Amino acid sequence: MKKLLVLISMAAAIYALSCTNDAEASKPLNPNGDSELALLMRSMFDDGAKVKEAIQNGRVPKILVEFEKIHTAKATMPGKADTPEFKTFAAAYVQAVNALKEANGEDVETHYTGMVNACMNCHNAVCPGPTRRIKKLYL
Ligand code: HEC
12 MKKLLVLISM AAAIYALSCT NDAEASKPLN PNGDSELALL MRSMFDDGAK
62 VKEAIQNGRV PKILVEFEKI HTAKATMPGK ADTPEFKTFA AAYVQAVNAL
112 KEANGEDVET HYTGMVNACM NCHNAVCPGP TRRIKKLYL
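Below is the structure:
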């Protein structure tokens, strides 16, 4: 029973870290290594920063991150990504990225903003910690 309590409090601590910590992405944030989902999120953030830069320099952005993995990547907190809420926000995000990939001309900026909104919508609902960083992706 004691062991179980220790486990639960460890999981809670890791969870709190992953969803409230606003530290820069380069260092591992928890002692057990970072979850697949956390690593994917960092790549999504880095990719977003490159897309923003490309748009600001008038270049055609390329999305290289494997964003569809958001549906399958394992989260730090077991079950975190299994809720209907998460799945709905994840589907909206994937749709937003696909719209951005197909956009041309002036639509690129609109759909890029739509993608960042999709990041923010999910984060405001399920994981508010990183929102301050994500806001930096806005044009
Ligand atoms: C469907 C919900 C959802 C969407 C959409 C989403 N995120 Fe996340 N994000 C999460 C969850 C949940 C975590 C916590 C992952 C974990 O700890 O396993 C997270 C974690 C993060 C982290 C912290 C990673 C770390 O270092 O631990 C960053 C940064 C992040 N997301 C950025 C983004 C960006 C940028 C986008 C859009 C391009 C985005 N997120 C879209 C749910 C989402």
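Counted the way this note's numbering counts, the sequence shown spans residues 12 to 150. Ideal Cβ positions, reconstructed from N, Cα and C, are used throughout, including at glycine. Source: prediction; values computed, not measured.
- The C-beta separation of Leu51 from Ile81 comes to about 7 Å, placing the pair in contact by the 8 Å criterion.
- Between the region 114-124 and the region 87-106, the count of C-beta pairs closer than 8 Å stays below three; the two stretches do not touch.
- Taking C-beta atoms as the reference points, Ser54 and Lys85 fail to come closer than 8 Å.
- Contact between Leu148 and Ile66 does not hold, since their C-beta atoms are separated by about 11 Å, which reaches or exceeds 8 Å.
- In terms of side-chain proximity, the C-beta atom of Thr87 is found nearer than 7 Å to a non-hydrogen atom of ligand 1.
- For Asn132, the closest alpha carbon among the candidates Phe78, Phe97 and Thr87 is that of Phe97.
- By the neighbour-count criterion, in which a residue is buried when 16 or more other Cβ atoms sit within 10 angstroms of its Cβ, Asp57 is exposed.
- About 23 Å separates the CB atoms of Glu64 and Val105; that is not less than 8 Å, and the two are not in contact.
- Runs of the alpha helix (DSSP H) spanning 4 or more residues and lying entirely within the region 53-116 occur at 95-113, in chain order.
- Closest in C-alpha terms to Cys138, from the list Phe100, Val62, Val76 and Asn109, comes Phe100.
- By the neighbour-count criterion, in which 16 or more other beta carbons inside 10 Å mark a residue as buried, Gly59 falls on the buried side.
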